[in-house]
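Participant: Protein chains in written order, with this note's numbering: chain B, 1 to 222; chain R, 223 to 677.
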């Protein structure tokens with residue numbers, strides 16, 4: 001995935017799209033104030049400088065699907081692991097809820113279900129049938145909309161070709177008003193994300209940790 | 223300092239040390255009632271937590287661990303009392319250990335049982351804790367042996383099993399004594415537990431060999447356990463967790479708090495069961511010196527840890543460092559330094575204050591200080607993740623506080639019941655140390671116990 005920070009307006013449409021697509025429970029304002037809200041993607045806001053000379057920066061942060069993910073080795077039951085495609089997967093059924101993965105994630109993008117999931121009526125009627133509901137006590141996080149990846153793969157298979165750009169569009173990318181987000185196959189050198197990742201504006205979050213994130217940010221770095 | 227004259231009449235010793243089993247006294251009943259109520263409170267809190275979910279705790283994102291892991295590390299730390307005192311003193315043949323060993327070994331087992339509860343009850347889905355057990359299942363799933371939590375599982379189980387054996391072995395001759403002195407159901411139970419002990423020379427030889435072997439084995443096991451507990455933190459990439467010296471730092475802190483717990487337990491036992499002739503000022507003096515040593519070592523480690531963080535001046539480290547030293551956790555941090563070093567070290571260094579009362583005061587402070595030290599290792603790091611946008615805070619709820627109070631209640635309760643069923647001072651080991659006595663079989667009257675006092 002590639003996110004162009006220079007195009008991000010911080011509208012948080014991606015956050016809403018993700019919630020709807022991935023059946024993310026609403027914890028309510030009180031629990032959210034305690035830090036229990038779940039947002040697989042969030043827009044971090046940073047204000048630089050002193051008034052009146054201020055600059056507000058927005059940074060959408062989601063699971064970076066690191067190649068060397070710190071969350072993976074610490075899980076005692078292999079509930080989080082790397083798939084053959086290079087996704088960082090979270091197996092809800094296997095998770096016992098030690099929350100160790102969340103403690104070792106430098107990006108703080110892992111979420112815990114503190115209570116049974118619930119939705120205010122009539123939201124519970126709008127759940128996505130393709131995404132499982134996570135029970136209380138397990139960790140969850142961005143999956144890169146794995147249900148859409150599978151669909152795209154199947155479509156490509158039906159048409160007897162390789163997956164190409166546009167086959168898979170995660171909810172956040174689909175919704176982004178300013179087209180600040182791109183999704184594709186980084187392993188395919190001809191894909192748009194591959195080309196963008198070679199831009200001289202490209203950077204990765206906390207690169208010095210050596211986690212090798214698969215989310216690439218574009219930033220002119222003024 | 224005038225010391226009490228130790229008893230050396232075999233019959234009197236047996237009668238004295240078995241008295242708690244028949245006539246526990248009012249103090250015992252009071253203790254059991256209060257601690258029982260605390261356990262009840264914790265049980266209610268735990269039931270509530272299991273029904274509603276972990277949201278009833280104060281944990282949140284980013285503070286995913288808090289009092290649960292604090293209590294875990296703290297109690298595993300307390301469990302190091304038994305190992306150090308009993309095993310090391312046995313291996314080195316320190317004579318004054320004799321009335322102390324069993325008090326210490328029992329602490330190990332009970333503290334470990336309590337500490338080991340937390341990795342289970344803190345799980346999001348505690349009903350599946352057994353998934354950490356490497357058992358062959360139909361899906362061919364194994365635990366992740368790369369995870370420090372899996373290491374924990376093995377380390378704690380090994381230590382628990384080892385320390386139960388280490389408590390049990392020296393209990394056998396006393397169990398035989400109890401069998402001979404009791405009747406009915408108790409006689410049958412004690413009889414089964416003492417494994418047909420008859421006190422033959424061959425049995426004594428074997429027992430002593432086994433105890434010696436276990437004493438040697440249990441020391442590296444204990445060191446490894448708290449090292450592995452520390453690696454739960456040190457293996458991560460979080461500021462002020464990712465530290466190479468966490469292993470020895472945790473082990474030193476564990477032994478430190480363990481000795482303090484032992485001194486407190488001994489002082490209570492001494493008073494409640496009227497064992498003033500057995501747990502004498504000399505024992506408190508010697509343990510006080512050990513506590514002083516550990517206090518100095520603890521301070522040295524803490525100083526080294528914080529100095530390197532400060533000097534390195536990395537922004538992420540400094541955020542955590544500042545929150546502890548001058549920020550929101552400063553009262554707790556400096557309170558810990560006062561409790562673990564500033565008061566106990568001078569108190570224990572001055573011979574005049576190294577009395578039973580003096581060591582008790584120091585021990586209470588150390589136990590409190592070490593609990594907060596564990597808290598301060600865990601929470602400040604978690605409140606401050608790399609991206610400042612996600613910084614958080616933590617306030618415990620009544621559920622976590624009740625569970626914490628319950629651990630202390632549970633420990634006291636288990637210990638009280640143990641001391642009611644088994645002699646809390648090893649009768650044979652005590653008698654074995656008497657001059658001229660041979661396994662306490664011969665009656666020795668009025669011999670001053672000069673050897674014990676001179677240590």
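Note that CB positions come from ideal geometry on N, CA and C, so glycine has one too.
Run through chain B and tell me which residues come within less than 9 Å of residue 345 of chain R, C-beta to C-beta.
Facilitator: 96, 97, 98, 99 and 137, listed in chain order.
Participant: Measure the C-alpha to C-alpha separation of residue 196 of chain B and residue 611 of chain R and round it to an integer number of angstroms.
Facilitator: One C-alpha to the other measures close to 27 Å.
Participant: Tell me the DSSP secondary structure of residue 211 of chain B in three-state form.
Facilitator: Coil.
Participant: Across which residues does DSSP place residue 461 of chain R in a beta bridge pair?
Facilitator: Answer is none; residue 461 of chain R lacks a bridge partner.
Participant: Could you name the residues of the same chain whose beta carbon sits closer than 7 Å to that of residue 137 of chain B, not counting the 5 residues immediately before and after it, in chain order?
Facilitator: Around residue 137 of chain B: 97 and 113.
Participant: Please name the residue, chosen from B:170, B:210 and B:100, that lies closest to residue 2 of chain B on a Cα-to-Cα basis.
Facilitator: Ranking B:170, B:210 and B:100 by Cα distance to residue 2 of chain B puts B:170 first.
Participant: Would you kindly check if the distance between the Cβ of residue 614 of chain R and the Cβ of residue 282 of chain R is under 8 Å?
Facilitator: Yes.
Participant: Under 9 Å Cβ-Cβ, which residues of chain B neighbour residue 459 of chain R?
Facilitator: The contacting residues are 70, 104, 106, 209 and 211.
Participant: Please report how far the alpha carbon of residue 89 of chain B lies from the alpha carbon of residue 7 of chain B, in whole angstroms.
Facilitator: Going from the Cα of residue 89 of chain B to the Cα of residue 7 of chain B covers about 29 Å.
Participant: Can you tell me where the alpha helix (DSSP H) with residue 330 of chain R in it begins and where it stops?
Facilitator: From DSSP, the alpha helix (DSSP H) with residue 330 of chain R extends over 323–343.
Participant: Expressed to the nearest angstrom, what Euclidean distance is found between the alpha-carbon atoms of residue 70 of chain B and residue 250 of chain R?
Facilitator: Rounded to the nearest angstrom, the two C-alpha atoms are 50 Å apart.
Participant: In chain order, what residues of the same chain have a beta carbon less than 7 Å from the beta carbon of residue 448 of chain R, not counting five sequence neighbours either side?
Facilitator: These residues qualify, in order along the chain: 298, 299, 302, 472, 473 and 476.
Participant: Is the segment 317–333 of chain R touching the segment 496–510 of chain R in the sense that three or more CB pairs, one from each, lie closer than 8 Å?
Facilitator: Verdict: yes, contact present.
Participant: Can you list, in chain order, the residues of its chain with a C-beta nearer than 8 Å to that of residue 483 of chain R? Leave out the 5 residues immediately preceding and following it.
Facilitator: The answer, listed in chain order, is 300, 303, 329, 333, 585 and 589.
Participant: Going by DSSP, what residue range makes up the beta strand (DSSP E) through residue 316 of chain R?
Facilitator: Neither: residue 316 of chain R is in no beta strand (DSSP E) and is coded neither H nor E.
Participant: Beta-carbon within less than 7 Å of residue 443 of chain R's beta-carbon, same chain only, minus the 5 sequence neighbours each way: which residues are those?
Facilitator: Counting only Cβ-Cβ distances below 7 Å, and skipping sequence neighbours, we find 380, 381 and 384.
Participant: Check the DSSP bridge columns for residue 488 of chain R and list the partner residues they point to.
Facilitator: Its beta-bridge partners do not exist; DSSP assigns none.
Participant: Closer than 8 Å, Cβ to any Cβ of chain R: which residues of the segment 9–35 of chain B, in chain order?
Facilitator: Flagged, chain order: 31, 34 and 35.
Participant: According to the Cβ coordinates, are residue 516 of chain R and residue 481 of chain R closer than 8 Å?
Facilitator: Yes, the Cβ-Cβ distance between residue 516 of chain R and residue 481 of chain R is below 8 Å.
Participant: Please list, in chain order, the chain R residues whose beta carbon lies closer than 8 Å to that of residue 116 of chain B.
Facilitator: Going along chain R in sequence order, the residues near residue 116 of chain B (Cβ under 8 Å) are 275.
Participant: Using the three-state DSSP reduction, which class does residue 363 of chain R fall into: helix, strand or coil?
Facilitator: Residue 363 of chain R falls in the coil class under three-state DSSP.
Participant: Listed from N- to C-terminal order along the chain, which residues in the segment 606–620 of chain R have their beta-carbon within a distance smaller than 7 Å of any beta-carbon of chain B?
Facilitator: Flagged, chain order: 607, 608, 609, 611, 612 and 614.
Participant: I think residue 577 of chain R touches residue 503 of chain R, with their Cβ atoms under 8 Å apart; what is that distance to the nearest whole Å?
Facilitator: Yes, they are in contact, since the Cβ atoms of residue 577 of chain R and residue 503 of chain R sit about 6 Å apart, within 8 Å.
Participant: Kindly identify the DSSP beta-bridge partner or partners of residue 4 of chain B.
Facilitator: In DSSP, residue 4 of chain B forms a bridge with B:218.
Participant: Could you check how far apart the C-beta atoms of residue 369 of chain R and residue 73 of chain B are, in whole angstroms? I think they sit under 8 Å.
Facilitator: The pair is a contact, with the Cβ atoms about 6 Å apart (cut-off 8 Å).
Participant: Is the shortest distance between the beta-carbon of residue 521 of chain R and the beta-carbons of chain B less than 8 Å?
Facilitator: So, not an interface residue.
Participant: Answer with yes or no whether the minimum CB distance from residue 73 of chain B to chain R is below 8 Å.
Facilitator: Chain R, which has a Cβ nearer than 8 Å to the Cβ of residue 73 of chain B, makes this yes.
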